[in-house]
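*Asks:* Take this structure first; my questions come after.
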Amino acid sequence: MSEHRMDGPLSGNFRPMENLLEAPGLNPTRITPIDVRDNLPHTGVWPSRPLADITAIIHHQSMGMLTARGIAHYHQNVDPRGTPYGRGWPAIAYHLVVEQDGRVYWCLPWEARSYHSGGEANHYGVGVCWAGNFPGPGYQVAYSGLTLGHPTAQQAAVFRAVNDLLRETLNVQRTEVYGHCDQGKKKPACPGDEMMALVSSYRGW
Ligand SMILES: [Zn+2]
309 MSEHRMDGPL
319 SGNFRPMENL
329 LEAPGLNPTR
339 ITPIDVRDNL
349 PHTGVWPSRP
359 LADITAIIHH
369 QSMGMLTARG
379 IAHYHQNVDP
389 RGTPYGRGWP
399 AIAYHLVVEQ
409 DGRVYWCLPW
419 EARSYHSGGE
429 ANHYGVGVCW
439 AGNFPGPGYQ
449 VAYSGLTLGH
459 PTAQQAAVFR
469 AVNDLLRETL
479 NVQRTEVYGH
489 CDQGKKKPAC
499 PGDEMMALVS
509 SYRGW
């Protein structure tokens, strides 16, 4: 049942953000995502887009669900605790999910035009979700019994490799790496202050 848990000790391995990108031994140059595209629950498929239309990487936090499977359930309106909330979408909305142990799950074909960022960003963006519940502008307290925490060292350790892989695979410029908060004003707390520090450090602005 661990893949359905809603919260947990999010902050145990947190390290100061300025050290994370350069910490020796913590930054693999390459990662191989675990392909779960055919394994996650889904009730349908997202519309498709040409690969060439993808020009940006957009980062998110999950605000609660800690596994790709849990997020997939939530996005389809199937809450593992039985409460009636969720999104009613055909499948998970993120292309990649990075769980707290740093494992990277490949959840959707890159061509899937899912609902991760709203508006046109859903079309030109590929969505990466960092599992956790992280503080950000307007979002500084826990809610609904969830524990507010930090990205783990294991997550931060693969940040560079995740972005390098996506940029190489999809031909995305380094300067076109964003947080959900960069896509209009609707989600200022996504992916949270600490993840945005990594985004800014990586893209160089
Ligand atoms: Zn988001």
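Numbers given in the working numbering equal positions in the sequence shown, counted from 1, plus 308.
Where is the CB? At the ideal position from N, CA and C, for every residue including glycine.
Which residues end up in the neighbourhood of ligand 1 when you take C-beta atoms closer than 7 Å to any of its heavy atoms?
*Replies:* H368, Q369, H424, S425, H488, K495, C498 and P499
*Asks:* Using three-state DSSP, classify Y432 as helix, strand or coil.
*Replies:* helix
*Asks:* Go ahead and label Q463 buried or exposed: buried means 16 or more other beta carbons lie within 10 angstroms of its beta carbon, across all protein chains shown.
*Replies:* Around the beta carbon of Q463, 16 or more other beta carbons lie within 10 angstroms, which makes this residue buried.
*Asks:* Nearest chain E C-beta to L454 closer than 9 Å, yes or no?
*Replies:* Among the chains in the structure shown there is no chain E, since it carries only a single protein chain.
*Asks:* How big is the Cα-Cα spacing for P443 and D361?
*Replies:* In a straight line, the C-alpha of P443 is about 32 Å away from that of D361.
*Asks:* Candidates M371, Y423, I366 and L456: which alpha carbon is nearest V353's?
*Replies:* Y423
*Asks:* Could you give the residue range of the beta strand (DSSP E) that holds V406?
*Replies:* L404 to V406
*Asks:* My output table needs one value for Q369: the three-state DSSP class, helix, strand or coil.
*Replies:* strand
*Asks:* Report buried or exposed for P332, applying the criterion of at least 16 other Cβ atoms within 10 angstroms of its Cβ.
*Replies:* Residue placement at P332 cannot be trusted, given a pLDDT of 44 that sits under 50; what the coordinates show is reported in the next sentence. So P332 counts as exposed.
*Asks:* Go ahead and label S425 buried or exposed: buried means 16 or more other beta carbons lie within 10 angstroms of its beta carbon, across all protein chains shown.
*Replies:* buried
*Asks:* Going by DSSP, what residues sit across from D343 in a beta bridge?
*Replies:* Answer by DSSP bridge pairing, in chain order: W414.
*Asks:* How is the beta strand (DSSP E) around V466 delimited, first residue to last?
*Replies:* Here V466 belongs to no beta strand (DSSP E), and DSSP marks it neither H nor E.
*Asks:* Just to confirm, is the Cβ distance from V412 to V470 under 9 Å?
*Replies:* yes
*Asks:* Nearest to H403 by CA position, among T455, N441, A364 and G372, is which residue?
*Replies:* A364
*Asks:* Quick check for students: name the residue ranges of the alpha helix (DSSP H) that lie wholly in the stretch 437–513, counting only runs of 4 or more.
*Replies:* 461–465, 467–478 and 501–511
*Asks:* I'd like to check one pair, E407 with L456: are the Cβ atoms closer than 9 Å?
*Replies:* no
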